[in-house]
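Visitor:
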Amino acid sequence: MVEPWCEPSTQASFRFEAADLPTKNVVVYSDRAEVKRVVAASLAKGINEIIIQNVSAVIERQSVRVDGRGVLIQEVQYQEMPIDTEQENEKIRALEREKVKVENERFAVEDEMSSLRKRLEVLDGVAGQVAAGPPSTSFSATEPLPKMLRRHTVIGSTSLQGSDQDTHSIGFLTNDDALRNLAKFLSYYGETVSEMKTTLRIRQREWDQCAEKIEALERQIDQLRCGYEYDSVRRYNYCSIQCKDPVNIVYSLGENRRVSLLDENAIILEVFSMTY
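Have a look at this one:
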């Protein structure tokens, strides 16, 4: 991305990330590859700086050659600077704090999902009991039978118990209060279960989003840690140009660099990137 700014000395500076520059073309030789990347910028009158940050570690340092008309090329150089480890560590700490924050959000979502599942289990259990009907009255084999039932045969006793269960069922079905309560419960059950399942699906999506954020933050943290541990140097291509009048330039980054005039208001700076 371009980050232009002007200092009081009428110096305009343009910074570009090498990885963000579009590739113009690639030429492969037996001993090297030339990769041209393109940058466009509008130069103001006066001194302008073009800085390409984080260029390749295998760039050819001594291959800079600049030609042109209409502008004064003051300086072109390749620079290496040690990475500020404290600044990099602060970036890592900031990402880790963000990761902890997202993890806490995920834990809160998990707790709510667990509560919703428990409530659904309770409601389903109550609904299952209602669907099974009222409890039946039966006698245990170990309990003594009432005196009246002892005088009857097994068949007569069974018939009496069946009649007693039928009486309970008929009483339950013809009880207006029971029917109204059943209707209320079924209505509450249907609405509540539907709402809770909808909420549960929403929370599941939130949990998935939190998991994706945590994974992305972990990748960024690993990249930062591995980056400056593997290579503790930042590399820049720097070009200082003085313009009598405002011009538009197209800047190509690579290994061999040269500037040629496109027209009276534009120049091109080519830099080829890496060797084997």
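Take the sequence shown: its position 121, counting from 1, is numbered 121 in UniProt numbering, and each next residue is one higher. Where is the CB? At the ideal position from N, CA and C, for every residue including glycine.
Is DSSP giving Phe14 helix, strand or coil here?
Guide: The answer is strand: DSSP assigns Phe14 an E or B state.
Visitor: Which residue from Val38, Val26, Leu43 puts its Cα closest to that of Gln11?
Guide: When each option's Cα is compared against that of Gln11, the closest is Leu43.
Visitor: Suppose the cutoff is 8 Å on Cβ atoms and the five residues either side in sequence are ignored; what does the same chain contact list for residue 295 look like?
Guide: The requested residue 295 is not part of the displayed model; the chain covers only 1 to 276.
Visitor: Helix, strand or coil for Ser30 per DSSP?
Guide: In the structure shown, Ser30 sits in coil (DSSP, three-state: anything other than H, G, I, E or B).
Visitor: Within the continuous beta strand (DSSP E) that includes Asn48, where are the two ends?
Guide: From DSSP, the beta strand (DSSP E) with Asn48 extends over 46-53.
Visitor: Can the beta-carbon of Arg225 be found less than 8 Å from the beta-carbon of Ala57?
Guide: Not closer than 8 Å, so no.
Visitor: Count the CB pairs spanning the region 196-205 and the region 83-101 that are closer than 8 Å, and state whether there are at least three.
Guide: The region 196-205 vs the region 83-101: no contact.
Visitor: DSSP three-state label for Ser240, please.
Guide: Strand.
Visitor: So, is Phe14 buried or exposed, given that buried needs 16 or more other C-beta atoms within 10 angstroms?
Guide: Buried: at least 16 other Cβ atoms inside 10 Å.
Visitor: Run through DSSP, which three-state label would Gly171 get?
Guide: Low confidence applies here, because Gly171 scores a pLDDT of 48, under 50, leaving its location unreliable; read the following figure in that light. Three-state DSSP puts Gly171 in a helix.
Visitor: Going by DSSP, what residues sit across from Pro22 in a beta bridge?
Guide: Per DSSP, none; premise fails for Pro22.
Visitor: Hey, how far is the Cα of Ser30 from the Cα of Lys24?
Guide: Rounded to whole angstroms, Ser30 to Lys24 spans 20 Å at the Cα level.
Visitor: Contact check, Ser240 vs Gln74 under 8 Å by CB: the rounded distance?
Guide: So it is a contact: roughly 4 Å between Cβ atoms.
Visitor: DSSP on Ser42, reduced to helix/strand/coil?
Guide: Looking at Ser42 - three-state DSSP - the assignment turns out to be strand.
Visitor: In the DSSP output, which residue or residues are listed as bridge partners for Lys36?
Guide: Beta-bridge pairing links Lys36 to Asn25.
Visitor: Between which two residues does the alpha helix (DSSP H) holding Ala132 run?
Guide: It spans 85-132 - the alpha helix (DSSP H) in which Ala132 sits, taken as one unbroken run.
Visitor: Is the CB-CB distance between Arg102 and Lys213 below 8 Å?
Guide: First, the amino acid is wrong: residue 102 is Val here, not Arg. Taking 8 Å as the Cβ cut-off, Val102 and Lys213 qualify as a contacting pair.
Visitor: Does Phe107 pass the burial test, meaning 16 or more other C-beta atoms within 10 Å, or should it be called exposed?
Guide: Looking at its Cβ environment, which holds fewer than 16 other Cβ atoms inside 10 Å, Phe107 is exposed.
Visitor: What residue from Leu21, Leu120, Gln223, Glu60 has the CA that sits closest to Tyr78's CA?
Guide: Cα-wise, what sits closest to Tyr78 is Glu60.
Visitor: Apart from the five residues on each side of it in sequence, which residues of its chain come closer than 8 Å, Cβ to Cβ, to Ile221?
Guide: Taken in chain order, the residues that qualify are Ile92, Leu95, Glu96, Lys99.
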